[in-house]
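Per my numbering, residue 76 is the first one in the sequence shown, and the count goes up by one each step.
Ideal Cβ positions, reconstructed from N, Cα and C, are used throughout, including at glycine.
Worksheet for the structure shown next.
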Amino acid sequence: MLDRKDATAGSAAQKTAHVRVHTGLKEALMNGDFLPGQRLVVRQLAEQYRTSAMPVREALRQLVSDEAMFDHPNRGVIVPEATVARISDLVRVRCSVEGTAAEWAATTITPEELDELAKLNSLMRECVESNVMANYLGLNRRFHFTMYHAARSPLIQQIIEKLWLQAGPFLNIVRSDVTYGLGLDHHDEMLAALRRADGAAARKALVADLREAADIILRAAAAAEVQPARKRPTSVRRDPKAQAR
Numbered sequence: 076m077l078d079r080k081d082a083t084a085g086s087a088a089q090k091t092a093h094v095r096v097h098t099g100l101k102e103a104l105m106n107g108d109f110l111p112g113q114r115l116v117v118r119q120l121a122e123q124y125r126t127s128a129m130p131v132r133e134a135l136r137q138l139v140s141d142e143a144m145f146d147h148p149n150r151g152v153i154v155p156e157a158t159v160a161r162i163s164d165l166v167r168v169r170c171s172v173e174g175t176a177a178e179w180a181a182t183t184i185t186p187e188e189l190d191e192l193a194k195l196n197s198l199m200r201e202c203v204e205s206n207v208m209a210n211y212l213g214l215n216r217r218f219h220f221t222m223y224h225a226a227r228s229p230l231i232q233q234i235i236e237k238l239w240l241q242a243g244p245f246l247n248i249v250r251s252d253v254t255y256g257l258g259l260d261h262h263d264e265m266l267a268a269l270r271r272a273d274g275a276a277a278r279k280a281l282v283a284d285l286r287e288a289a290d291i292i293l294r295a296a297a298a299a300e301v302q303p304a305r306k307r308p309t310s311v312r313r314d315p316k317a318q319a320r
């Protein structure tokens, strides 16, 4: 029989594992490592994260609560499908909320944060020029969240993170050599607007960035809705270019 100390240690270990799995799944979602409609298998995720089933189930329940995933009565936990209606709604809300964060950041961002944004944008451009894209989406996420952090509103950051959890899987639709790098000019415009504390211009550039990607995603989603359903994978998607490195 476990004594109180052993039980406490076991509980702490489970909590640590849950945080690790939840964080890993969130990053995978926001980076587009899961496909729309993909089924999440507890056993496979437990093996991947080297833990038991319980922390995985807890992490999935939390993501379902955040509407980043859906608990289907027959299929289990799945990534929501990329429907035109869902994408359109997400884009409209993201433009409003993230545009507000960009506008607020224009008056509160620090010189150090501006330098960090410039560095991240430069690294993204290097990815495009060298055609080594493994880190591109992660750098893009860091660019955006550095700017959102500069808005100095923990609440709006929490809202934006939940929106990115829902939107991340749709990045698979624009994950190609043709579409990588499309938003860098908008990033340049955001950075210039932030440097001169022009909130309206920062919002405009951010919205243009989101809408450019959204137009591609919506066209692809509309075409997919008239195609027959295809079998979905059940493991985390890995960027083939990252695997080739």
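- At a Cβ-Cβ threshold of 8 angstroms, Ala-177 and Met-105 do not count as neighbours.
- Just so you know, the alpha carbons of Met-199 and Ala-267 end up roughly 17 angstroms apart.
- Scanning the segment 91 to 151 from its first residue to its last, the whole beta strand (DSSP E) runs of 3-plus residues come out as 145 to 147.
- In the DSSP assignment, Ala-298 falls within the alpha helix (DSSP H) that extends over 274 to 299.
- Linking Ala-92 to Ala-276 through their CA atoms gives a straight-line distance of about 43 angstroms.
- About 7 angstroms separates the beta carbon of Ser-163 from that of Leu-293, a gap short enough to meet the 8 angstroms contact definition.
- Put simply, the segment 142 to 160 does not touch the segment 224 to 231. Fewer than three CB pairs are less than 8 angstroms apart.
- By the neighbour-count definition (other C-beta atoms within 10 Å, threshold 16), Pro-186 is an exposed residue.
- Here Asp-108 is actually not in contact with Lys-237; their C-beta atoms are around 18 angstroms apart, not less than 8 angstroms.
- For the 8 angstroms CB-CB criterion, Met-129 and Leu-135 do not form a contact.
- Between Asn-196 and His-262, the C-beta gap is smaller than 8 angstroms, which places the two residues in contact.
- Inclusion of Glu-264 and Val-159 in the CB contact set at 8 angstroms is not warranted, their separation being larger than that value.
- In this structure, Val-166 lies near Arg-286, with their beta-carbon atoms less than 8 angstroms apart.
- Each residue's CA atom was taken as its position, placing Leu-189 and Leu-214 some 15 angstroms apart.
- In the three-state reduction of the DSSP assignment, Ile-184 falls in the coil class.
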